[in-house]
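Chemist:
Chains as they are written, first to last, in the numbering used here: chain Y, 8 to 149; chain Z, 10 to 371.
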């Protein structure tokens, strides 16, 4: 009986396992200013039952100092495979140090987004240009 | 009144069978002779007693839906908030109260006259309750239920015009009296002009737009200021004076259980005549255990001279009994803040009727 319960408990845990796909993202981030780079790694499309599927879905992020442009990027991320497909990298530059993209009454700050071509792959190259003012990752302007 | 509690909560608390029977007989006499009907729980009359006066109530914030329309992480979250033993079968509990019949039952328990059901398109966070679903639900009780329509914004890159047209189509139904948006749940900045076409629809059709403001406890929500702080709505409020903006939850910080952006909401309402205020959810047992934040909020709104801008909502049904409990907590906060019966009537139903251009509740 105890063995059966243990097996049942283990089976329950198996359902929650996440398969992570390791990807090394290299390339450049270009901006007209310096500051703190906020990077977000998203699925291009997140899975969901029927209409619950949707674009984007952040699964990882980084906060990095960007002291010169172009900035050489080399980050390894763990991609949750069952949660979605495709890879999108979004970034914005915190030029005033307040941690908010384009806070009320503050100067505009740049953002950019790139849809990674050739994913899935364990090595991808990107060129992220931060040239759009104040846009969130969801913006249709990307 | 203890009698009404006894009636509504059932007989299982009674230790003695004979005592139960004698009380039931006594109650039958009370109900039959019409004594204290408004208080005893024997009748189905709507309204609450506020300083000796019957005040009718419209709850402008309720969520219908289906369990399958909610993302898995949020299902787990909702299930964890149900009291035991309802938490053992959250799907059955949720679907029982999210149906039109379930919501009407919750309204009856709370003696609420009318309510507004929200369509929601937030697939990442709280899920989807379609305009069609809300329209069908309102049709089950057209004299009591209204709806707010919404739209998907996550596919604006490809379907913006089609989505705006779908919104206009939904709003053509007479039961759909406004628009519901939740930037934090739907993930779009409050100040992004890409989405201002929604406010143009609101202005064109004279249908107010309700906006979730403040943080949110649901998984996957955007928590940054441009998605939660109503200050970021100011460009839209200013640009669309013909649209009415109802600031839901008053910028409450649900994460830290603090009043959050209340002062920003008050400033916007005092600055712009097209801004209204809705204090739902922030004063619930889970979000404001002592009730002090709701009291402070209602006091500040009254002190600011904004009673005519407040529209009551609960954000139910959440769990069985929530609609009634939230109403009770709000009444307590308003009485403690010195609201008169006239002011209570404005908050609980008359402001709603005026803003949404519907007949006052009966």
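Glycine included, C-beta positions come from ideal geometry on N, C-alpha and C. This structure is a prediction, so every number in the text was calculated from the model and none was measured.
#1: With 8 Å as the threshold, decide whether the Cβ of residue 115(Y) is near any Cβ in chain Z.
#2: Should residue 207(Z) be labelled buried (16 or more other beta-carbon atoms within 10 Å of its own) or exposed?
#3: Any residues in the segment 52–75 of chain Y with a beta carbon nearer than 8 Å to a beta carbon of chain Z? Which ones, in chain order?
#4: Can we say the segment 88–108 of chain Y touches the segment 27–44 of chain Y, given the rule of at least three CB pairs closer than 8 Å?
#5: Beta-carbon of residue 146(Y) versus every beta-carbon of chain Z: anything under 8 Å?
#6: Along chain Z, in chain order, which residues have C-beta atoms closer than 9 Å to that of residue 95(Y)?
#7: Would a check of beta-carbon distances place residue 143(Y) closer than 8 Å to chain Z?
#8: Identify each residue in the segment 240–272 of chain Z for which the Cβ-Cβ distance to at least one residue of chain Y is less than 8 Å, and report them in chain order.
#9: DSSP puts residue 28(Y) in a beta bridge; with which residues?
#10: Please decide whether residue 100(Y) counts as near chain Z, where near means a Cβ-Cβ distance under 8 Å.
#11: Assign residue 247(Z) to one of three DSSP states: helix, strand, or coil.
#12: Which residue wins for smallest C-alpha separation from residue 53(Y), given the options 118(Y), 86(Y) and 82(Y)?
#13: Checking the sheet assignment: what are the DSSP bridge partners for residue 62(Z)?
#14: Any beta carbon from chain Y within less than 8 Å of residue 105(Z)'s own beta carbon?
#15: Does residue 319(Z) come within less than 8 Å of chain Y when only Cβ atoms are used?
#16: Is any beta-carbon of chain Y found at less than 8 Å from that of residue 205(Z)?
#17: Kindly give me the distance between the Cβ atoms of residue 115(Y) and residue 140(Y), rounded to whole angstroms, as I take these residues to be in contact under 8 Å.
#18: Could you check the C-alpha separation between residue 28(Y) and residue 64(Y) for me, to the nearest Å?
#19: In terms of residue numbering, what span does the beta strand (DSSP E) encompassing residue 134(Y) cover?
#20: Could you tell me which residues DSSP puts in a beta bridge with residue 219(Z)?
#21: Roughly how many whole angstroms lie between the Cα atoms of residue 368(Z) and residue 360(Z)?
#22: Are there 16 or more other CB atoms within 10 angstroms of the CB of residue 247(Z), so buried, or fewer, so exposed?
#23: Does residue 164(Z) come within less than 8 Å of chain Y when only Cβ atoms are used?
#24: Under the assumption that residue 132(Z) contacts residue 59(Y) (Cβ atoms under 8 Å), give the Cβ distance between them as a whole number of angstroms.
#25: What does the alpha-carbon distance come out to for the pair residue 114(Z) and residue 101(Y)?
#26: Kindly indicate which three-state DSSP category residue 265(Z) falls into: helix, strand or coil?
#27: Just the chain Z side, please: which residues come within less than 9 Å of residue 111(Y) by C-beta, in chain order?
#28: Quick one, which of 84(Y), 88(Y), 66(Y) and 113(Y) has its alpha-carbon nearest residue 131(Y)'s?
#29: Going straight from the alpha carbon of residue 215(Z) to that of residue 252(Z), what length do you get?
#30: Around the C-beta of residue 312(Z), are 16 or more other C-beta atoms found within 10 angstroms, so that it is buried, or is it exposed?
#31: Run the CB neighbour count on residue 74(Y), radius 10 Å, all protein chains shown included, and call it buried at 16 or more, exposed below.
#32: Going residue by residue through the segment 126–152 of chain Z, where are the continuous alpha helix (DSSP H) segments of at least 4 residues, counting only ones entirely within it?
#33: Put residue 214(Z) into one of helix, strand or coil per three-state DSSP.
#34: Helix, strand or coil, according to DSSP, for residue 239(Z) in the structure here?
#35: Would residue 78(Z) and residue 136(Z) qualify as a contact pair, given that the criterion is a beta-carbon distance under 8 Å?
#36: Is the beta carbon of residue 197(Z) closer than 8 Å to that of residue 145(Y)?
Modeler: On the basis of the data shown:
#1: no
#2: buried
#3: 53, 55, 56, 58, 59, 60, 61, 62, 63 and 64
#4: yes
#5: yes
#6: Here the premise fails: no neighbours, minimum Cβ distance about 12 Å.
#7: yes
#8: 240, 241 and 243
#9: 86(Y)
#10: no
#11: helix
#12: 86(Y)
#13: 59(Z)
#14: no
#15: no
#16: no
#17: 4 Å
#18: 16 Å
#19: 130–136
#20: 189(Z) and 255(Z)
#21: 11 Å
#22: exposed
#23: yes
#24: 4 Å
#25: 51 Å
#26: coil
#27: 200, 234, 235, 238, 240, 241 and 243
#28: 84(Y)
#29: 7 Å
#30: exposed
#31: exposed
#32: 140–148
#33: helix
#34: helix
#35: yes
#36: yes
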